[in-house]
Amino acid sequence: VQLQASGGGVVQTGGSLPLSCAASGSIVSINVMNWYRQVPGKMREFIASSGERIIYGDSVKGRFIISRDNGKNMWYLQMNDREPEDTGVYYCYAVIKTELDALPRVFWGQGTLVTVSS
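Residue numbers (the numbering used here): 3 to 120.
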């Protein structure tokens, strides 16, 4: 199973930018789809989760929206009202039940860099 994040780049403050994550491989089901963000020198920060509930990190609550398309094994992060502090590498994360494993496992994508300039 692989996760592929996409949609990063250099963007201006304000406005919207969608990120996508696609899961591929021998997938039976995806229980949880999350987004995290990491800035050099800091710990990886929780951004949003789509599982039994939708949960957002405090720094993005009210601005970012997580959504998912179960049929395509994809999930998205709509980044609204971007701020320079939103700059970082965005990682997608999922808890996936595969055809090869008895129990669900955690998978991480490779990350996509978002740079928000003022």
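C-beta atoms are modelled at their ideal positions from N, C-alpha and C, and glycine is treated no differently. As the structure is a prediction and not an experimental result, all values here were calculated from the model.
Heavy atom of the ligand ZN within 7 Å of residue i beta-carbon
i: Glu54; result: The model depicted lacks the ligand ZN and carries no ligand whatsoever.
Identified DSSP bridge partners for residue i
i: Gly11; result: Val116
i: Asp83; result: Asp83 pairs with nothing; no bridge assigned.
i: Gly90; result: Val116
i: Leu19; result: Met81
i: Arg107; result: Ile98
Simplified DSSP state of residue i, which is helix, strand or coil
i: Lys63; result: coil
i: Lys2; result: Residue coverage of the chain in this structure runs from 3 to 120, which leaves residue 2 outside it and unanswerable.
i: Asn72; result: helix
i: Val30; result: strand
i: Arg46; result: coil
i: Arg39; result: strand
Rounded separation between residue i and residue j - CA only
i: Ser26; j: Ser18; result: 26 Å
i: Ile12; j: Ile57; result: The sequence given here places Val at residue 12; Ile does not occur at that position. Roughly 26 Å separates the two Cα atoms.
i: Ser28; j: Leu105; result: 13 Å
i: Asn72; j: Val118; result: 29 Å
i: Ile67; j: Ser120; result: 22 Å
i: Ile32; j: Gly43; result: 31 Å
i: Arg39; j: Tyr95; result: 11 Å
i: Lys99; j: Ser69; result: 20 Å
Cβ neighbour criterion (16 or more within 10 Å) applied to residue i
i: Asn36; result: buried
i: Leu5; result: buried
i: Asp88; result: buried
Integer Cβ distance of residue i from residue j, believed to fall under 8 Å
i: Tyr78; j: Ser22; result: 5 Å
i: Pro20; j: Gln80; result: 5 Å
i: Val3; j: Phe109; result: 6 Å
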